[in-house]
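A.B. asks:
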Amino acid sequence: MPRRLTQTKPHTHQTLKNMSYESMVISWLMYDGWQVFTPVLDNGHQTDILISDGPSYFRIQIKTVEASGEDHVVDNKWEESNVDYVIYFARNSTWGVIAPAFSDKKRPLNHDEHIRFEANSRTQFLKVLHTID
1 MPRRLTQTKP
11 HTHQTLKNMS
21 YESMVISWLM
31 YDGWQVFTPV
41 LDNGHQTDIL
51 ISDGPSYFRI
61 QIKTVEASGE
71 DHVVDNKWEE
81 SNVDYVIYFA
91 RNSTWGVIAP
101 AFSDKKRPLN
111 HDEHIRFEAN
121 SRTQFLKVLH
131 TID
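Have a look at this one:
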């Protein structure tokens with residue numbers, strides 16, 4: 001296996017880590033049979049991935065947060081968009097939540113409408129996903 005011999009700049013490294021969460025979700029959804037589309041440019045539309053089961057389409061935003069606990073509060077940055085769900089990953093832990101789009105200005109990650117999953121388990125993520133109406 002080749003070894004990387006160059007130093008990655010901190011900002012670039014963080015972007016690579018964030019993108020790895022998107023790639024992980026994409027692979028889990030494809031494994032589950034979803035059609036998955038990625039925008040060429042996600043500037044203004046606030047959609048990281050678009051998924052479809054054929055007749056229905058859903059816009060998904062994927063975000064990572066430094067959460068000190070499940071009561072971590074996130075800002076609603078998608079109020080004026082058409083995003084259907086935001087998937088949050090706690091970068092400094094092993095869990096995440098699937099949150100339907102919400103109109104509140106801020107909301108804790110452990111809100112009643114959010115569904116928690118173990119971030120290192122495709123099986124649990126898909127089990128949680130299948131409970132969403």
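Counting from 1, position 14 in the sequence shown corresponds to residue 14 in my numbering; the numbering is continuous, with no gaps.
C-beta atoms are modelled at their ideal positions from N, C-alpha and C, and glycine is treated no differently.
If contact is defined by three or more beta carbon pairs under 8 Å, each pair taking one atom from either stretch, is the region 6 to 23 in contact with the region 67 to 85?
C.D. replies: No, because fewer than three Cβ pairs between the region 67 to 85 and the region 6 to 23 fall closer than 8 Å, the two stretches do not touch.
A.B. asks: Just to confirm, are Asp144 and Phe58 a CB contact at a threshold of 7 Å?
C.D. replies: What is shown of the chain runs 1 to 133, which leaves residue 144 out entirely.
A.B. asks: Can you tell me the Cβ-Cβ gap for Glu118 and Trp95, rounded? I've got them flagged as a contact below 8 Å.
C.D. replies: Sure, about 6 Å apart at Cβ, within 8 Å.
A.B. asks: Tell me the rounded alpha-carbon separation between Lys63 and Asp53.
C.D. replies: Straight-line Cα distance between these residues: approximately 23 Å.
A.B. asks: With distance defined between alpha-carbon atoms, name the residue in Leu109, Val86, Asp112 nearest to Pro100.
C.D. replies: Residue Val86 is the option with its Cα nearest to Pro100.
A.B. asks: Rounded to whole angstroms, what is the Cα-Cα separation between Thr15 and Ser56?
C.D. replies: Going from the Cα of Thr15 to the Cα of Ser56 covers about 30 Å.
A.B. asks: Given Gln124, which residues of its chain have a CB within under 6 Å of its CB, disregarding the five upstream and five downstream residues?
C.D. replies: Taken in chain order, the residues that qualify are Phe117, Glu118.
A.B. asks: When you compare the CB positions of Glu22 and Asp48, do they come within less than 7 Å of one another, or not?
C.D. replies: Result yes, Cβ atoms of Glu22 and Asp48 sit closer than 7 Å.
A.B. asks: What is the DSSP secondary structure of Pro39, reduced to helix, strand or coil?
C.D. replies: Three-state DSSP puts Pro39 in coil, outside helix and strand.
A.B. asks: Can you tell which of Leu129, Met1, Arg122, Asp112 has its C-alpha closest to the C-alpha of Met24?
C.D. replies: For the residues Leu129, Met1, Arg122, Asp112, the minimum Cα distance to Met24 belongs to Arg122.
A.B. asks: With H, G and I counted as helix, E and B as strand and the rest as coil, what does DSSP make of Pro2?
C.D. replies: Correct three-state label for Pro2: coil.
A.B. asks: How is the alpha helix (DSSP H) around Trp28 delimited, first residue to last?
C.D. replies: Its alpha helix (DSSP H) spans residues 10 to 31.
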